[in-house]
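Counting in my numbering, the sequence shown tops out at residue 1174, every number present.
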Amino acid sequence: MHVKDLLDDLGIRVKLPQHWYSTDIGIEFEEPKLLQNDEIIRIEAPSGDKRKVIVIDVNDGMSVVTVFSDEKVIGVKYLKNKDDFEYIGKPSELYF
1079 MHVKDLLDDL GIRVKLPQHW YSTDIGIEFE EPKLLQNDEI IRIEAPSGDK RKVIVIDVND
1139 GMSVVTVFSD EKVIGVKYLK NKDDFEYIGK PSELYF
């Protein structure tokens, strides 16, 4: 599944950079819940003992993260340019 498929399933129409639409989110958003749909779009889905969250801010970037039961967050924030992204959180902290 890609971000575009998820947005289509939720009936959300928004103009985004093409590489955001084509971001692969796997099958972890089978039961999505739309939490916010205004200047910022927030979609969440349960995934075992953690949550998967997508936050889309057209002016800032699109974040795809995993929130663990202890509230640690890891993921990636995609920016306007195709090759620009930032890591969110430190995956190494999850294994202490």
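Yeah, the Cβ is synthetic: ideal placement off N, Cα and C, and Gly gets one too.
Note that this is a predicted model, so its numbers are computed, not measured.
Beta carbon of residue i nearer than 8 Å to that of residue j
i	j	result
Y1156	H1097	yes
I1118	V1092	no
V1030	R1129	Limits of the chain in this structure are 1079 at one end and 1174 at the other, which puts residue 1030 out of reach.
Residue i, buried or exposed, once every other Cβ within 10 Å from all chains shown has been counted against 16
i	result
L1084	buried
Whole-number beta carbon distance between residue j and residue i, since they are thought to touch under 8 Å
i	j	result
I1134	L1094	7 Å
V1142	I1132	5 Å
I1127	S1147	The residue asked about is misnamed: residue 1127 is Asp in this sequence, not Ile. That pair is a contact at about 5 Å.
K1150	G1167	6 Å
Nonlocal neighbours in the same chain, by C-beta distance under 6 Å from residue i, ignoring five residues either side
i	result
I1090	none
S1125	E1106
L1088	L1112
Q1114	R1120
Sequence-distant residues of the same chain with beta carbon closer than 7 Å to residue i, five excluded per side
i	result
Y1099	H1080, V1081 and K1082
E1109	A1123 and P1124
D1116	none
D1102	H1080
Close-in-space but distant-in-sequence residues of the same chain around residue i (CB under 8 Å, 5 per side omitted)
i	result
K1111	I1121, E1122 and A1123
Where the alpha helix (DSSP H) containing residue i begins and where it ends
i	result
D1135	No alpha helix (DSSP H) contains D1135, which is instead part of the beta strand (DSSP E) from K1128 to D1135.
L1084	V1081 to D1087
For residue i, the first and last residue of its enclosing beta strand (DSSP E)
i	result
L1094	Premise fails: L1094 is in no beta strand (DSSP E) and is neither H nor E.
E1141	A small correction: the amino acid at residue 1141 is Ser; Glu does not occupy that position in the sequence shown. First-last of the beta strand (DSSP E) with S1141: G1139 to V1145.
P1124	I1118 to S1125
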